[in-house]
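For the record, the sequence lines run as chains H and A.
Residues 1 to 343 in UniProt numbering are what the first sequence spells out, letter by letter.
Residues 1 to 343 in UniProt numbering are what the second sequence spells out, letter by letter.
Below: one structure, written as structure tokens.
Number of protein chains: 2
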Amino acid sequence: MAYAERVSDSMSAPSASVEPSTVAELGESAVLARILPRLAPGDSAILGAGDDAAVVRAVDGRFVVTTDFMVHGPDFRLAWSTPFELGWKAAATNLTDVAAMGARPTALVVAIAAPPTTPVAVLEGIADGLREGLAHLAPGAGVVGGDLSASSVLTIAVTAFGDLEGRAPILRSGAQVGDVVAHAGVRGDAARGLRLLFAEATDASGEPDRELAAALRARHPELIAAQLAPSPPVSAGVAAALAGASAMLELTDELARVAGRLAEASGVGLDLDSARLGDDIRLALAGAEDHGLLATFPPHVTLPAPFDAIGLVVDDAGRLFVDGAPVAAEGWDPYAGWDGRAG
Amino acid sequence: MAYAERVSDSMSAPSASVEPSTVAELGESAVLARILPRLAPGDSAILGAGDDAAVVRAVDGRFVVTTDFMVHGPDFRLAWSTPFELGWKAAATNLTDVAAMGARPTALVVAIAAPPTTPVAVLEGIADGLREGLAHLAPGAGVVGGDLSASSVLTIAVTAFGDLEGRAPILRSGAQVGDVVAHAGVRGDAARGLRLLFAEATDASGEPDRELAAALRARHPELIAAQLAPSPPVSAGVAAALAGASAMLELTDELARVAGRLAEASGVGLDLDSARLGDDIRLALAGAEDHGLLATFPPHVTLPAPFDAIGLVVDDAGRLFVDGAPVAAEGWDPYAGWDGRAG
Numbered sequence: 001m002a003y004a005e006r007v008s009d010s011m012s013a014p015s016a017s018v019e020p021s022t023v024a025e026l027g028e029s030a031v032l033a034r035i036l037p038r039l040a041p042g043d044s045a046i047l048g049a050g051d052d053a054a055v056v057r058a059v060d061g062r063f064v065v066t067t068d069f070m071v072h073g074p075d076f077r078l079a080w081s082t083p084f085e086l087g088w089k090a091a092a093t094n095l096t097d098v099a100a101m102g103a104r105p106t107a108l109v110v111a112i113a114a115p116p117t118t119p120v121a122v123l124e125g126i127a128d129g130l131r132e133g134l135a136h137l138a139p140g141a142g143v144v145g146g147d148l149s150a151s152s153v154l155t156i157a158v159t160a161f162g163d164l165e166g167r168a169p170i171l172r173s174g175a176q177v178g179d180v181v182a183h184a185g186v187r188g189d190a191a192r193g194l195r196l197l198f199a200e201a202t203d204a205s206g207e208p209d210r211e212l213a214a215a216l217r218a219r220h221p222e223l224i225a226a227q228l229a230p231s232p233p234v235s236a237g238v239a240a241a242l243a244g245a246s247a248m249l250e251l252t253d254e255l256a257r258v259a260g261r262l263a264e265a266s267g268v269g270l271d272l273d274s275a276r277l278g279d280d281i282r283l284a285l286a287g288a289e290d291h292g293l294l295a296t297f298p299p300h301v302t303l304p305a306p307f308d309a310i311g312l313v314v315d316d317a318g319r320l321f322v323d324g325a326p327v328a329a330e331g332w333d334p335y336a337g338w339d340g341r342a343g
Numbered sequence: 001m002a003y004a005e006r007v008s009d010s011m012s013a014p015s016a017s018v019e020p021s022t023v024a025e026l027g028e029s030a031v032l033a034r035i036l037p038r039l040a041p042g043d044s045a046i047l048g049a050g051d052d053a054a055v056v057r058a059v060d061g062r063f064v065v066t067t068d069f070m071v072h073g074p075d076f077r078l079a080w081s082t083p084f085e086l087g088w089k090a091a092a093t094n095l096t097d098v099a100a101m102g103a104r105p106t107a108l109v110v111a112i113a114a115p116p117t118t119p120v121a122v123l124e125g126i127a128d129g130l131r132e133g134l135a136h137l138a139p140g141a142g143v144v145g146g147d148l149s150a151s152s153v154l155t156i157a158v159t160a161f162g163d164l165e166g167r168a169p170i171l172r173s174g175a176q177v178g179d180v181v182a183h184a185g186v187r188g189d190a191a192r193g194l195r196l197l198f199a200e201a202t203d204a205s206g207e208p209d210r211e212l213a214a215a216l217r218a219r220h221p222e223l224i225a226a227q228l229a230p231s232p233p234v235s236a237g238v239a240a241a242l243a244g245a246s247a248m249l250e251l252t253d254e255l256a257r258v259a260g261r262l263a264e265a266s267g268v269g270l271d272l273d274s275a276r277l278g279d280d281i282r283l284a285l286a287g288a289e290d291h292g293l294l295a296t297f298p299p300h301v302t303l304p305a306p307f308d309a310i311g312l313v314v315d316d317a318g319r320l321f322v323d324g325a326p327v328a329a330e331g332w333d334p335y336a337g338w339d340g341r342a343g
């Protein structure tokens, strides 16, 4: 089922549970018994959840691994995101990191720390979002294990694995002068969505508001989805590797900042073409959380879909340009970017 | 360097930093630049931290994986544990889960979410504890990647990997009637340590107290270390597999509860011998967090060190006995076991 249908489903019929119950009332074992059947271990699981550890296939004798936190407050607001969206986004962001190495995602492990008062339906929704996000973005990949803990702050930690299928990983350091700079995914939509949420889905005191968010979602479904439940181009990672990408990075941070990192690691400059960056160039460069892929390809390579050429690799080590004019990388810091609120 | 020496070092000279500084003051990149040099990627890393994901060797085409949270409040108190101990314990508990499959630990990824006001020295201490815990308990294993996030609650998520070296994983379900029940590790010491901390290292209002904890540590170094920085028998996992263990589980939870799980999964009964359980049988059975290994071995196998025989596998499916008398499994639930305090 596609993301939009599932969100619509989950909003009209929030939970299958008859009795409302919290994780503390139900206890760890009963909560796990409600969550695990909603998750599939996937094609790479040799041994899934249920013992001290899982066992996962690593066909070529290596595995790609990345880990990422989503924390209530700095990373999401419960008044804005549905549990389904939290699970979907946790899967999507980690799958993109695996894809950015040129690997095919194989499996996740998921650790959740939740306040004792958390309704079990919230964890069920997160599990549903994980499952559907995996099915949509990385068919065949599954959840092979996890952990359930108590905390005063809802926190989700996903660790994702991938298979390089015998290829070398695509590093940030391989770009060569003369290569084409290419981008896959949306540009600026996640930032537009977040700006709308802060502008139009907060109450008079600035707190996130659930009803205002629902109304906003109806008006701007694509921009809100880009922020709350992104659908990054996960399969484009393997396609880029097969096409011969020389370097690749994932775009959690701003395009300008990530391009700067690639330029610095590769000892080259990147010159982006403003005509390829859309109507709002500033937002395309400085909007974070799009979770697209930035890659470089040798000249004359036919770019695999959905990559677009957006510039050229030039000879000025570590520097970023737009239409030949130098640009500063703008960055977001997790400690500077959070106002301390939850919501 | 052994655990005791390092704790003593870290208590007399808390940090090499001249200026006190928080993670928010320093910013993510500078914090990572202070932490990463304290960690080694280990022998199994093909590509360590620094790109979108790491690449790890999985020589036999499979890897073992386990993930676990440590959350300020339910899982540790900052007034009791040093940062070094937090890092050591995060490594130790996850390494034991890998060992309990009969695997050799190869690598960890570590995600840390910390309040913006956290001194960088705390994260440096956690990194030092991770490094020394790995060096002491699983030489050759290293930290291949991680994530640093903001949260109002200090939270550490470790995901650990292991190599089965061509062997089948040792499951909880393989015990056979007539097998010997064996145990490796301390029995009840972690619970004794925790009981002492609550009894003698809290102030008049019940809050954890740093100075009382330091005094207690001097009086009962082994029991406090068993709770705050355990040294589980990690290498005994591979030794058990090589000796032909038929089933194995890790002892985060109480011996009685874990024995019950093994009995149920294997469709057998376990009859423990009280004479082998030490002076305080109740505590040996009901004390959690010892992080030892419970295994069963076919009769006539010479038990590998440091396993001790503590009972026999009998014919009463799913039941636990001591000296032939039925015993109830006592358990701890993360949501029931936490009073909501941090400290």
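Glycine residues also receive a C-beta, built at the ideal position from the N, C-alpha and C atoms.
Next on the checklist: Across the stretch 54–72 of chain A and the stretch 84–94 of chain A, are there enough close Cβ pairs to call them in contact, namely three or more that are closer than 8 Å?
Outcome noted: Contact between the stretch 54–72 of chain A and the stretch 84–94 of chain A is present: 3 or more CB-CB pairs across the two stretches fall below 8 Å.
Next on the checklist: Spatial neighbours of Ala24/A within its chain, please: C-beta separation below 6 Å, excluding the five flanking residues on both sides.
Outcome noted: What you label residue 24/A is simply residue 24 of the second sequence in a count that begins at 1. Pro116, listed in sequence order.
Item to check | Interface flag, Val55/H vs chain A, CB-CB below 9 Å | outcome: The residue labelled residue 55/H in the question sits at position 55 within the first sequence. With respect to chain A, the C-beta atom of Val55/H has a partner C-beta closer than 9 Å.
Item to check | Ala111/H and Val158/H closer than 9 Å at C-beta | outcome: The residue labelled residue 111/H in the question sits at position 111 within the first sequence. The residue labelled residue 158/H in the question sits at position 158 within the first sequence. Taking a C-beta distance under 9 Å as the contact criterion, Ala111/H and Val158/H qualify as a contact pair.
Checklist entry - So Asp308/H packs on His183/H, CB below 8 Å; how close in whole Å? => result Here residue 308/H refers to the residue found at position 308 of the first sequence. Here residue 183/H refers to the residue found at position 183 of the first sequence. Yes, Asp308/H and His183/H are in contact; Cβ-Cβ is about 6 Å, under 8 Å.
Next on the checklist: If I measure Cβ to Cβ from Asp209/H and keep anything under 7 Å in the same chain, skipping five residues before and after, which residues do I get?
Outcome noted: Position 209 of the first sequence, counting from 1, holds the residue named residue 209/H. Within the same chain, Ala79, Ala201, Thr202, Asp203 come within 7 Å of Asp209/H by CB-CB distance, once the 5 residues on both sides are set aside.
Checklist entry - Roughly how many angstroms separate the alpha carbons of Pro298/A and Ala175/A, rounded to a whole number? => result Along the second sequence, read from residue 1 onward, the residue named residue 298/A stands at position 298. Along the second sequence, read from residue 1 onward, the residue named residue 175/A stands at position 175. Taking the straight line joining both Cα atoms gives about 8 Å.
Item to check | Three-state secondary structure assigned by DSSP to Arg261/H | outcome: For the purposes of this step, residue 261/H is taken as residue 261 along the first sequence, with counting starting at 1. Under the three-state reduction of DSSP output, Arg261/H falls in the helix class.
Next on the checklist: Helix, strand or coil, according to DSSP, for Ile281/H in the structure here?
Outcome noted: Your numbering for residue 281/H matches position 281 in the first sequence. When secondary structure is reduced to three states using DSSP, Ile281/H falls in the helix class.
Checklist entry - Is the shortest distance between the beta-carbon of Phe198/A and the beta-carbons of chain H less than 9 Å? => result Position 198 of the second sequence, counting from 1, holds the residue named residue 198/A. Under the Cβ criterion of 9 Å, Phe198/A is not counted among the residues facing chain H.
Checklist entry - Measuring CA to CA, which of Gln227/A, Asp271/A, Gly324/A, Ala141/A is closest to residue 354/A? => result Nothing about residue 354/A can be reported from this structure: the residues present for chain A run from 1 to 343 only.
Checklist entry - Is the CB of Glu289/H under 9 Å away from at least one CB in chain A? => result As a working note, residue 289/H is residue 289 in the first sequence. Residue-level contact check: Glu289/H does not touch chain A, since none of the beta carbons of chain A fall below 9 Å from its beta carbon.
Checklist entry - Hey, does Asp97/A have any beta-carbon neighbour from chain H nearer than 9 Å? => result Working through the second sequence from its first residue, we reach residue 97/A at position 97. True, the Cβ-Cβ gap to chain H drops below 9 Å.
Item to check | Listed by chain order, chain A residues near Arg172/H by CB distance under 9 Å | outcome: Reading the first sequence from its first residue, position 172 is the one you call residue 172/H. The CB of Arg172/H comes closer than 9 Å to the CB of Gly50, Asp51, Asp52 in chain A, given here in chain order.
Item to check | alpha helix (DSSP H) segment containing Val31/A, residue limits | outcome: The count along the second sequence starts at 1 and reaches residue 31/A at position 31. That run of the alpha helix (DSSP H) goes 28–35.
Item to check | Ser246/A - DSSP class collapsed to helix/strand/coil | outcome: Against the second sequence, residue 246/A aligns to sequence position 246. In this structure, Ser246/A counts as coil in the three-state DSSP scheme.
Checklist entry - Counting along the chain, where does the alpha helix (DSSP H) carrying Thr96/A start and finish? => result Taking the first residue of the second sequence as position 1, residue 96/A is located at position 96. Segment 83–99, the alpha helix (DSSP H) holding Thr96/A.
Checklist entry - For Gly340/A and chain H, any beta-carbon pair shorter than 9 Å? => result The residue labelled residue 340/A in the question sits at position 340 within the second sequence. So yes, Gly340/A belongs to the interface.
Next on the checklist: Please return the same chain residues whose Cβ sits closer than 6 Å to the Cβ of Gly193/A, not counting the five positions on each side in sequence.
Outcome noted: Position 193 of the second sequence, counting from 1, holds the residue named residue 193/A. Counting only Cβ-Cβ distances below 6 Å, and skipping sequence neighbours, we find Leu223, Ile224, Ala226, Gln227.
Checklist entry - Is the beta carbon of Ala160/H less than 9 Å from the beta carbon of Pro221/H? => result Residue 160/H sits at position 160 when you count from the first residue of the first sequence. Residue 221/H sits at position 221 when you count from the first residue of the first sequence. Taking a C-beta distance under 9 Å as the contact criterion, Ala160/H and Pro221/H do not qualify as a contact pair.
Next on the checklist: I'd like to know if Ile62/A contacts chain H, where contact means its C-beta is closer than 9 Å to some C-beta of that chain.
Outcome noted: Reading the second sequence from its first residue, position 62 is the one you call residue 62/A. One detail in the question is off: residue 62/A reads as Arg in this sequence, not Ile. True, the Cβ-Cβ gap to chain H drops below 9 Å.
Next on the checklist: Whole angstroms are fine: how far does the CA of Pro74/A sit from the CA of Ser151/H?
Outcome noted: The sequence position of residue 151/H within the first sequence is 151, counting from 1. The sequence position of residue 74/A within the second sequence is 74, counting from 1. Computed Cα separation, rounded: 7 Å.
Checklist entry - In chain order, what residues of the stretch 245–269 of chain H put their CB closer than 7 Å to some CB of chain A? => result Hits within the stretch, in order: Leu249, Glu250.
Checklist entry - Shortest alpha-carbon distance to Pro139/A belongs to which of Ala107/A, Val268/A, Ala114/A, Gly145/A? => result Mapped onto the second sequence, residue 139/A falls at position 139. Considering only Ala107/A, Val268/A, Ala114/A, Gly145/A, the residue with the shortest C-alpha distance to Pro139/A is Ala107/A.
Next on the checklist: Tell me the rounded alpha-carbon separation between Glu85/H and Leu154/H.
Outcome noted: Position 85 of the first sequence, counted from the first residue, corresponds to residue 85/H. Position 154 of the first sequence, counted from the first residue, corresponds to residue 154/H. Roughly 14 Å between the two C-alpha positions.
Checklist entry - Does the beta carbon of Ile35/A come closer than 9 Å to any beta carbon on chain H? => result By 1-based counting over the second sequence, the position of residue 35/A is 35. No, because no Cβ of chain H sits closer than 9 Å to the Cβ of Ile35/A.
Checklist entry - How would you list, in chain order, the residues of chain A whose beta-carbon sits under 8 Å from the beta-carbon of Pro74/H? => result In the first sequence, the residue the question calls residue 74/H occupies position 74. Residues of chain A passing the Cβ test: Ser149, Ala150, Ser151.
Next on the checklist: Which same chain residues end up closer than 7 Å to Pro306/H when comparing Cβ atoms and leaving out the 5 residues on each side of it in sequence?
Outcome noted: As a first step, residue 306/H is located in the first sequence; it is residue number 306 there, counting from the start. Cβ within range, chain order: Ala184, Pro233, Ala236.
Next on the checklist: Just to confirm my understanding: we take Ala265/A, look at its own chain, exclude 5 residues before and 5 after, and list those with CB closer than 7 Å. What are they?
Outcome noted: Along the second sequence, one-based indexing puts residue 265/A at 265. The beta carbon of Ala265/A sits closer than 7 Å to those of Arg172, Ser173, all from its chain and outside the five residues before and after it, given in chain order.
Checklist entry - At a CB-CB cut-off below 7 Å, which residues of chain H make contact with Gly145/A? => result Position 145 of the second sequence holds residue 145/A. Val65, Thr66, Thr67, listed in chain order.
Next on the checklist: Only counting the same chain, and skipping five residues up and downstream in sequence, which positions put a Cβ closer than 7 Å to that of Ala247/A?
Outcome noted: The count along the second sequence starts at 1 and reaches residue 247/A at position 247. Contacts found: Ile170, Leu171, Arg172, Ser173, Gly174, Ala175, Leu262, Ser266, Ala295, Thr296.
Next on the checklist: With DSSP as the reference, identify every bridge partner of Pro115/H, one or two as the case may be.
Outcome noted: Within the first sequence, residue 115/H is the residue found at index 115, counting from 1. Within the DSSP secondary-structure output, Pro115/H pairs in no beta bridge.
Checklist entry - In chain H, which residues lie with their C-beta within 9 Å of the C-beta of Leu86/A? => result Counting from 1 along the second sequence, the entry for residue 86/A is found at position 86. In chain order: nothing, as chain H lies at least about 15 Å away.
Checklist entry - Excluding sequence positions up to five away, which residues of its chain have a Cβ less than 7 Å from the Cβ of Leu32/H? => result Residue 32/H sits at position 32 when you count from the first residue of the first sequence. Around Leu32/H, the same chain offers Leu148 as residues with beta carbons nearer than 7 Å, after the five sequence neighbours per side are excluded.
Checklist entry - Less than 9 Å separating the beta-carbons of Gly292/H and Leu251/H? => result As a working note, residue 292/H is residue 292 in the first sequence. As a working note, residue 251/H is residue 251 in the first sequence. In contact: Gly292/H and Leu251/H (Cβ atoms closer than 9 Å).
Item to check | Inter-residue Cα distance where the pair is Phe321/A and Ile310/A | outcome: Taking the first residue of the second sequence as 1, we reach residue 321/A at position 321. Taking the first residue of the second sequence as 1, we reach residue 310/A at position 310. Their Cα atoms are separated by approximately 12 Å.
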